[in-house]
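Q: Numbering (the working numbering), first residue to last: 2 to 585.
Don't be surprised by glycine CBs; every beta carbon is placed ideally from N, CA and C.
Sharing a structure here in C-alpha cells format.
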Amino acid sequence: MASLPLTPLSMSTTHNNVHHRHSPHSDAINTPITETTPALGSNDHVNTGDVNPTDRRGDSVDEEDIDQFISDNQALDELQMPTGSKHANKRLFVAFMIFGLLNNVLYVIILSAALDLVSADTPKGVVALFNIFPALITKVVWPLLSNGKIRYTRRVGLCTICSWFGIMIIALSSSLSPRLLGISLASLSSGMGELTFLQLTTTLPTEATSKTALGAWSSGTGFAGVAGAGIWWLLRGLGVKGGLGLSSFLPLFFPITYKYILPPFSHLEASSDSSFYQPLSTSSLSNNNNFRRPAILISVPSSEYVPQHTPLLSSGFIDRDRERNRDGEELTDGDKRLGGMGNLRLTTQEKMKLLRPLVVRYMLPLCAVYVEEYVINSGVAPTLVFPLPTYGIWSWLFKSPRDYYPFWSLTYQTFVFLSRSSLSLGLPPIPKRLLPLPAIIQFLVLSLLFLQAKTFFFSSPAYIPPAEGEGGGVDRSITIVFLLICLEGLCGGSGYVNTFYHVGREGSDGENDDYNDDNEMGGDQRASNATAMEKKAMEREFRIGAVGAADSTGILFASLISMPLEIALCQSQVDQGRTMCREL
Numbered sequence: 002m003a004s005l006p007l008t009p010l011s012m013s014t015t016h017n018n019v020h021h022r023h024s025p026h027s028d029a030i031n032t033p034i035t036e037t038t039p040a041l042g043s044n045d046h047v048n049t050g051d052v053n054p055t056d057r058r059g060d061s062v063d064e065e066d067i068d069q070f071i072s073d074n075q076a077l078d079e080l081q082m083p084t085g086s087k088h089a090n091k092r093l094f095v096a097f098m099i100f101g102l103l104n105n106v107l108y109v110i111i112l113s114a115a116l117d118l119v120s121a122d123t124p125k126g127v128v129a130l131f132n133i134f135p136a137l138i139t140k141v142v143w144p145l146l147s148n149g150k151i152r153y154t155r156r157v158g159l160c161t162i163c164s165w166f167g168i169m170i171i172a173l174s175s176s177l178s179p180r181l182l183g184i185s186l187a188s189l190s191s192g193m194g195e196l197t198f199l200q201l202t203t204t205l206p207t208e209a210t211s212k213t214a215l216g217a218w219s220s221g222t223g224f225a226g227v228a229g230a231g232i233w234w235l236l237r238g239l240g241v242k243g244g245l246g247l248s249s250f251l252p253l254f255f256p257i258t259y260k261y262i263l264p265p266f267s268h269l270e271a272s273s274d275s276s277f278y279q280p281l282s283t284s285s286l287s288n289n290n291n292f293r294r295p296a297i298l299i300s301v302p303s304s305e306y307v308p309q310h311t312p313l314l315s316s317g318f319i320d321r322d323r324e325r326n327r328d329g330e331e332l333t334d335g336d337k338r339l340g341g342m343g344n345l346r347l348t349t350q351e352k353m354k355l356l357r358p359l360v361v362r363y364m365l366p367l368c369a370v371y372v373e374e375y376v377i378n379s380g381v382a383p384t385l386v387f388p389l390p391t392y393g394i395w396s397w398l399f400k401s402p403r404d405y406y407p408f409w410s411l412t413y414q415t416f417v418f419l420s421r422s423s424l425s426l427g428l429p430p431i432p433k434r435l436l437p438l439p440a441i442i443q444f445l446v447l448s449l450l451f452l453q454a455k456t457f458f459f460s461s462p463a464y465i466p467p468a469e470g471e472g473g474g475v476d477r478s479i480t481i482v483f484l485l486i487c488l489e490g491l492c493g494g495s496g497y498v499n500t501f502y503h504v505g506r507e508g509s510d511g512e513n514d515d516y517n518d519d520n521e522m523g524g525d526q527r528a529s530n531a532t533a534m535e536k537k538a539m540e541r542e543f544r545i546g547a548v549g550a551a552d553s554t555g556i557l558f559a560s561l562i563s564m565p566l567e568i569a570l571c572q573s574q575v576d577q578g579r580t581m582c583r584e585l
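The following block contains the structure:
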C-alpha cells in the first residue's frame with residue numbers, strides 16, 4: 002500500500018469543515034465523501050489505493066485524470082461554501098450603506114425643516130442644538146458606562162423605536178416643547194446608531210470586510226445629506242404633519258436591513274476563506290516522474306480535530322449576540338468557553354487607558370475638521386451673497402439672492418458624499434501621520450471664506466461695496482467661493498472616513514501572531530487565548546465608539562461660534578454698504 006501526503010486541497014476540506022460547524026448548510030459538508038478516519042495529524046497520510054511502488058517511475062501522467070481530480074476538488078470547495086456566501090460582500094456593502102443613509106437622513110430632514118418647525122421669533126439655532134446635543138451625550142457617555150458584550154440586535158431595535166417615536170411626535174405636535182422632545186429622541190437615535198454601526202464594523206471576520214462595511218457606512222452617511230435635503234424639498238408642500246409623517250416609515254428599514262440584508266458573518270468568513278487554498282497545479286504534477294494516477298480518498302476529519310489555521314480566532318471575530326451566533330443557532334458549551342462568553346468587561350480604568358492616546362491622535366483632528374466646516378456652513382456661508390450674475394452658468398442657477406445658501410449647502414453635501422465614498426471607490430486611505438492634514442486645509446478654507454465675507458477679498462473691483470455691479474456681469478468671487486466649498490466638503494468627508502478607518506485598525510497589527518498555533522496547546526490554553534481575543538475585540542469596539550464623540554463635539558462647538566459670527570459678518574457688510582444678507 003502506497004500513500005500520498007496530505008495536500009493543500011485536502012487540507013482545504015479539513016479547514017472548511019471545522020470552520021462552518023454552525024452553518025445552516027453544514028449538513029452537506031459533514032456528509033462523508035468516503036469512509037472517514039478518526040482524525041488527521043501532521044504525519045497522517047491519505048489512502049491512495051493499491052499502487053505498486055515499482056511501477057511508479059517512468060509512467061506518464063494522464064492529464065485528463067489530473068483535470069478531473071482538480072475539478073472534483075473545486076466542486077467540493079463550492080459545496081462547502083454556504084448558499085449566498087458568493088454574494089455576501091455585496092450584501093454587506095448594501096446593508097451598511099442603508100444603515101448610514103437611514104441613520105443620518107432624519108437628522109438632515111429635521112435641519113432642513115427648521116424654518117417650518119419653529120415660529121419666526123424663535124432662533125433656528127434651537128433646532129440645531131436639540132438635534133445634536135442628545136447625540137453628543139449618547140456618544141460620550143454610553144461607551145464609558147456600558148459594560149460587557151454589546152447586544153447589537155437590541156441596539157438596532159432601540160434606534161428604530163426612538164427614531165419612529167421622535168419623528169411622529171414632531172409631526173403630530175403643533176407647539177414648540179413637544180417638537181423639541183421629538184427632535185431630541187431622533188437625535189438620541191442618531192447618536193446611538195452611529196455608535197452601534199461603527200462598532201459593528203470592528204467585529205467583522207476580516208480586515209477586508211471591515212473596510213468594506215466602513216466604506217459603505219461612510220458613503221451612506223454622506224449620501225444622507227443630499228437625500229435628506231431632497232426628500233424635504235419634495236415633501237415640504239405637504240406641511241410638517243404630512244411631510245414628516247411620510248418620513249416616519251424610514252426608521253422601519255433598520256430592522257428589515259439588519260435581519261434580511263446584512264449577511265450572516267459565517268458567509269463572509271466562507272467567502273474570504275475561499276482564497277486561502279488554490280487548486281493543485283497540473284504543471285507541477287506533470288513534472289514529477291514519481292507521480293502515478295492516485296485514487297485519492299479525501300477524509301472528513303472528526304469533530305475533535307482542530308486545524309492549524311482557524312480564522313475564527315485569528316481574525317479576532319467572535320459573535321456578539323448572547324447565546325447565539327449571527328445564523329441564529331444555539332452555541333454549545335464549548336463554543337461559549339472558546340468564544341470567551343464569560344463575564345468579560347472593560348473596567349473604567351482600562352477604558353481611560355485606551356482613551357488617552359486616542360485624544361490627540363484621532364479625536365482632536367476630527368473635532369477640528371467639524372468645528373471648521375460647520376462654522377463655514379452655519380456662520381460664514383449665509384453671508385456669502387452676491388449681486389445676481391447676468392450671463393454664464395451662474396445666471397442660470399441664481400435667480401434670487403435666496404438661491405445662494407441652498408446651493409452652497411448642496412455643493413458641500415455632494416463633495417462630502419464623494420470623499421466619504423473614497424474607500425468604497427477603491428482609493429487608498431491617507432496615512433495615519435497625515436490625519437491632521439484635512440483639518441489644516443479646512444482651516445485655510447475657513448480663513449479665505451471669512452476674508453471674502455468680511456472684506457470681499459476675491460471680488461471683482463466693480464463688485465466691491467458700495468458698488469453692486471450695476472453694469473452687469475459676473476463677480477469672479479462666485480467661482481472662487483464655489484471651489485473653496487468643494488474643497489471644504491472633500492476635507493470634511495476625508496477626515497471622517499480616514500479617521501474611523503485607522504481607529505478600527507488600532508491595536509490589530511501583529512496581535513494575532515500569538516494565537517496562530519492554538520491547536521498545539523491544550524484546551525485550557527486555547528480557551529485562554531480565545532478570551533484574550535474577545536478582550537481585544539471589546540477594546541476595538543470601545544475605541545471606535547469613543548472617537549465617534551469627536552464629530553458631535555465639533556458640531557456643538559461650531560453652533561456656539563457660528564451664531565454670533567453670522568451676525569457680526571452681516572453687520573460688517575451692512576456697514577460697508579451691502580445689505581443683501583439682511584434681505585434674505
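Using a Cβ-based criterion (distance less than 7 Å to any ligand heavy atom), does Thr-554 qualify as near the ligand GDP?
A: Ligands in the displayed structure: none, and consequently the ligand GDP is not present.
Q: Quick check on DSSP: helix, strand or coil for Ser-211?
A: What you label residue 211 is simply residue 210 of the sequence shown in a count that begins at 1. Helix, per DSSP.
Q: With Cys-492 as the anchor, note down where its alpha helix (DSSP H) starts and where it stops.
A: For the purposes of this step, residue 492 is taken as the residue at position 491 of the sequence shown. Where Cys-492 is concerned, the enclosing alpha helix (DSSP H) stretches over 478-506.
Q: I'd like the list of long-range same chain contacts for Leu-173, defined as Cβ closer than 6 Å, with 5 residues on each side in sequence excluded.
A: Working through the sequence shown from its first residue, we reach residue 173 at position 172. None.
Q: With DSSP as the reference, label Glu-540 as helix, strand or coil.
A: Walking along the sequence shown from the start, residue 540 turns up at place 539. Of the three classes helix, strand and coil, the one that applies to Glu-540 here is helix, per DSSP.
Q: Is the Cβ-Cβ distance between Phe-100 and Leu-347 less than 8 Å?
A: Here residue 100 corresponds to residue number 99 of the sequence shown, with the count starting at 1. Here residue 347 corresponds to residue number 346 of the sequence shown, with the count starting at 1. Their beta carbons are not under 8 Å apart, which means Phe-100 does not touch Leu-347 by this criterion.
Q: Pull up the CB-CB distance for Ala-559 and Ser-410, whole angstroms please, since I reckon it's below 8 Å.
A: Walking along the sequence shown from the start, residue 559 turns up at place 558. Walking along the sequence shown from the start, residue 410 turns up at place 409. Their Cβ separation, rounded to whole angstroms, is 15 Å, which puts Ala-559 and Ser-410 out of contact at 8 Å.
Q: What would DSSP say about Tyr-153, mapped onto helix, strand or coil?
A: Numbered from its first residue, the sequence shown carries residue 153 at position 152. It is helical.
Q: Quick check: Ser-211 and Thr-202, are their CB atoms within less than 8 Å of each other?
A: Here residue 211 refers to the residue found at position 210 of the sequence shown. Here residue 202 refers to the residue found at position 201 of the sequence shown. Their beta carbons are under 8 Å apart, which means Ser-211 touches Thr-202 by this criterion.
Q: Let me know if Gln-200 comes out buried or exposed under the rule of 16 or more other beta-carbons within 10 Å of its beta-carbon.
A: For this step, residue 200 is matched to residue 199 along the sequence shown. When all chains shown are included, Gln-200 counts as buried.
Q: Three-state secondary structure (DSSP) at Phe-457?
A: What you label residue 457 is simply residue 456 of the sequence shown in a count that begins at 1. Three-state result, Phe-457: coil.
Q: Out of Tyr-371, Val-498, Ala-382, which one is the CA nearest neighbour of Ala-569?
A: As a working note, residue 569 is residue 568 in the sequence shown. Comparing Cα positions, the closest option is Ala-382.
Q: Spatial neighbours of Gly-555 within its chain, please: C-beta separation below 6 Å, excluding the five flanking residues on both sides.
A: Taking the sequence shown and counting its residues from 1, the one referred to as residue 555 is at position 554. Cys-368, Tyr-371, Val-372, listed in sequence order.
Q: Can you check whether the CB of Ile-110 is closer than 8 Å to the CB of Leu-557?
A: Along the sequence shown, read from residue 1 onward, the residue named residue 557 stands at position 556. Along the sequence shown, read from residue 1 onward, the residue named residue 110 stands at position 109. No, they are not a contact pair.
Q: How long is the line joining the alpha carbons of Leu-398 and Pro-467, rounded to whole angstroms?
A: Position 397 of the sequence shown, counting from 1, holds the residue named residue 398. Position 466 of the sequence shown, counting from 1, holds the residue named residue 467. If I take the Cα positions, the gap works out to 24 Å.
Q: For Glu-584, does the count of other Cβ atoms within 10 angstroms reach 16, so buried, or fall short, so exposed?
A: Here residue 584 refers to the residue found at position 583 when the sequence shown is read from its first residue. Classification of Glu-584: exposed, given that the 10 Å Cβ count is below 16.
Q: Would you call the region 536-551 in contact with the region 138-158, where contact means no fewer than 3 C-beta pairs closer than 8 Å?
A: Contact holds: three or more Cβ-Cβ distances are below 8 Å.
Q: What residues in its chain sit with their C-beta under 6 Å from that of Glu-567, if we drop five residues either side in the sequence?
A: Mapped onto the sequence shown, residue 567 falls at position 566. Contacts found: Gly-380, Pro-383.
Q: Please state the DSSP three-state secondary structure of Asn-400.
A: For the purposes of this step, residue 400 is taken as the residue at position 399 of the sequence shown. The question names Asn, but residue 400 in the sequence shown is Lys. Lys-400: coil per DSSP, three-state reduction.
Q: Given 8 Å as the limit, is there contact between the region 151-158 and the region 250-261, that is, 3 or more CB pairs closer than that?
A: Verdict: yes, contact present.
Q: Considering Cα atoms alone, identify which of Arg-152, Ile-377, Gly-244, Ser-478 is closest to Pro-565.
A: Counted from its first residue, the sequence shown places residue 565 at position 564. Nearest C-alpha to Pro-565: Ile-377.
Q: Does DSSP classify Lys-125 as helix, strand or coil?
A: The residue given as residue 125 occupies position 124 in the sequence shown. Of the three classes helix, strand and coil, the one that applies to Lys-125 here is coil, per DSSP.
Q: Among the candidates Asn-499, Arg-579, Glu-535, Phe-457, whose CA atom is the shortest distance from the CA of Pro-366?
A: Here residue 366 is taken as the residue at index 365 of the sequence shown, counted from 1. Looking at the Cα atoms, Asn-499 is the closest of the given residues.
Q: Does the distance from the C-beta atom of Phe-94 to that of Ala-217 stay below 8 Å?
A: Working through the sequence shown from its first residue, we reach residue 94 at position 93. Working through the sequence shown from its first residue, we reach residue 217 at position 216. A contact, by the Cβ cut-off of 8 Å.
Q: Report the residue from Ala-214, Asp-552, Ile-171 whose alpha carbon sits nearest the alpha carbon of Gly-240.
A: Within the sequence shown, residue 240 is the residue found at index 239, counting from 1. Comparing Cα-Cα distances from Gly-240 to each of Ala-214, Asp-552, Ile-171, the minimum goes to Ile-171.
Q: When the Cα of Thr-391 is compared with those of Ala-115, Asp-476, Ser-249, which residue comes out closest?
A: Numbered from 1 along the sequence shown, position 390 holds the residue referred to as residue 391. If we check each option's Cα against that of Thr-391, Asp-476 comes out closest.
Q: Between the region 482-489 and the region 435-447, can you find at least three pairs of beta-carbon atoms closer than 8 Å?
A: Contact between the region 435-447 and the region 482-489 is present, because at least three Cβ pairs lie under 8 Å.
Q: Count the other CB atoms, across all protein chains shown, that sit within 10 Å of the CB of Gly-238; report buried if there are 16 or more and exposed otherwise.
A: Counting from one through the sequence shown, the residue named residue 238 turns up at place 237. Counting Cβ neighbours within 10 Å, Gly-238 comes out exposed, since fewer than 16 surround it.
Q: Run through DSSP, which three-state label would Glu-373 get?
A: The residue you call residue 373 lines up with position 372 of the sequence shown. DSSP places Glu-373 in helix when its eight states are reduced to three.
Q: Buried or exposed: where does Gln-574 fall if 16 or more other Cβ atoms within 10 Å of its Cβ makes it buried?
A: Residue 574 sits at position 573 when you count from the first residue of the sequence shown. Looking at its Cβ environment, which holds 16 or more other Cβ atoms inside 10 Å, Gln-574 is buried.
Q: Looking at the unbroken alpha helix (DSSP H) that takes in Met-353, where does it start and where does it end?
A: The residue given as residue 353 occupies position 352 in the sequence shown. Segment 349-359, the alpha helix (DSSP H) holding Met-353.
Q: What residue range is occupied by the uninterrupted alpha helix (DSSP H) comprising Tyr-259?
A: Translated into positions along the sequence shown, residue 259 becomes position 258. It is not in any alpha helix (DSSP H) - Tyr-259 carries neither H nor E in the DSSP assignment.
Q: Report all residues from its chain with a CB closer than 8 Å to the CB of Ser-120; omit the five preceding and five following residues, and keep chain order.
A: Translated into the one-based positions of the sequence shown, residue 120 becomes position 119. Counting only Cβ-Cβ distances below 8 Å, and skipping sequence neighbours, we find Leu-177.
Q: For Cys-582, which residues of its own chain have a beta-carbon under 8 Å away from its beta-carbon, when the five flanking residues on both sides are left out?
A: Position 581 of the sequence shown, counted from the start, is the residue given in the question as residue 582. So the list reads Pro-383, Thr-384, Val-386, Leu-570, Cys-571, Gln-574, Val-575, once near-sequence residues are dropped.
Q: Less than 8 Å between the CB atoms is what I'm expecting for Ala-225 and Leu-102, so what's the real figure, rounded?
A: Within the sequence shown, the letter at position 224 stands for residue 225. Within the sequence shown, the letter at position 101 stands for residue 102. Between Leu-102 and Ala-225 the Cβ distance is about 5 Å, and since that is below 8 Å, they are a contact.
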